[in-house]
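Before any comments, here is the structure.
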Amino acid sequence: MEKTFEQNTYVLQGDEDLGTVKIADDVVAMIAGLAATEVEGVAAMAGNISNELMSRVGVKSLSKGVKVEVTGKKVKAELSLIMEYGYNIPSTSQRVQGKVKSTIENMTGLEVSDVNIRIAGVNMQKNG
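Residue numbers for the sequence shown follow this note's numbering, so the first one is 2 and each next one is one higher.
Next comes the structure, spelled out in structure tokens:
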């Protein structure tokens, strides 16, 4: 059975000769989540209970802790992060905002108007 994403799919490029390029908002959310976790000081994305439950029953959600709203060619992203202990929260958040904005814009061609961040927790465990 083929999944259809029509209500949450956006046309990135339309070409009469070649066809159209579409992207699902889940994919934009996935890009945002991956970009955020690449920033040093970010421990993980914070998922809600249903995300945690879904990942246990086998549905992998790389977009957990991310909500995106695509309007026309503009994207608003909201991310819930768990920070590593000892990192400066404002400067790390600023780096996440820049990374998420540039990654979404470079990969999709959409314009990112907002990247809002909520710090959901701090990881106290020492790695290693």
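Even glycine gets a Cβ: it sits at the ideal position worked out from N, Cα and C.
Exercise. Going by the CB atoms, is the gap between Ile118 and Val29 shorter than 8 angstroms?
Worked result: Residue mapping note: residue 29 aligns to position 28 of the sequence shown, counting from 1. Residue mapping note: residue 118 aligns to position 117 of the sequence shown, counting from 1. Taking 8 angstroms as the Cβ cut-off, Val29 and Ile118 do not qualify as a contacting pair.
Exercise. Near Ser64, what residues of its chain come up, given a Cβ to Cβ distance below 6 angstroms and the 5 sequence neighbours on each side ignored?
Worked result: As a first step, residue 64 must be located in the sequence shown, where it is residue number 63. For Ser64, where only same-chain residues beyond five positions count, the Cβ hits under 6 angstroms are Asp27, Ala30, Met31 and Gly34.
Exercise. Looking at Tyr86 and Val123, is the spacing between their C-beta atoms short of 8 angstroms?
Worked result: Your numbering for residue 123 matches position 122 in the sequence shown. Your numbering for residue 86 matches position 85 in the sequence shown. Against a cut-off of 8 angstroms, the Cβ pair of Tyr86 and Val123 comes out as a contact.
Exercise. Name the DSSP bridge partner or partners of Ser64?
Worked result: Numbered from its first residue, the sequence shown carries residue 64 at position 63. Under the DSSP definition of a beta bridge, Ser64 lacks any partner.
Exercise. In three-state DSSP terms, what is Ala25?
Worked result: Position 24 of the sequence shown, counted from the start, is the residue given in the question as residue 25. It is a strand residue.
Exercise. In this structure, what does DSSP give as the bridge partners for Lys75?
Worked result: Sequence index remark: in the sequence shown, residue 75 carries index 74 (1-based). Lys75 pairs with Thr72 and Glu112.
Problem set entry | Residue nearest to Leu13 in terms of C-alpha spacing, selected from Asp115, Val113 and Thr109 | Taking the sequence shown and counting its residues from 1, one reaches residue 13 at position 12. Leu13 has its Cα closest to that of Thr109, out of Asp115, Val113 and Thr109.
For this session: Taking only the alpha-carbon atoms, compute the straight-line gap between Ser114 and Val76 and give it to the nearest angstrom.
Result: Here the question's residue 114 lines up with position 113 in the sequence shown. Here the question's residue 76 lines up with position 75 in the sequence shown. Linking Ser114 to Val76 through their CA atoms gives a straight-line distance of about 6 angstroms.
For this session: Give me the Cβ distance between Ile90 and Ala45, rounded to the nearest whole Å; I'm assuming they're in contact under 8 angstroms.
Result: As a position in the sequence shown, residue 90 is number 89, starting the count at 1. As a position in the sequence shown, residue 45 is number 44, starting the count at 1. Rounded, the Cβ-Cβ distance is 15 angstroms, inconsistent with contact.
Exercise. How big is the Cα-Cα spacing for Ser94 and Met125?
Worked result: Mapped onto the sequence shown, residue 94 falls at position 93. Mapped onto the sequence shown, residue 125 falls at position 124. Ser94 and Met125 have their C-alpha atoms spaced approximately 18 angstroms apart.
Exercise. Given a threshold of 16 other Cβ atoms within 10 Å of its Cβ, counted over all protein chains shown, does Leu80 qualify as buried or as exposed?
Worked result: In the sequence shown, residue 80 corresponds to position 79, counting from 1. Counting other Cβ atoms within 10 Å of its Cβ, Leu80 reaches 16 or more and is therefore classed as buried.
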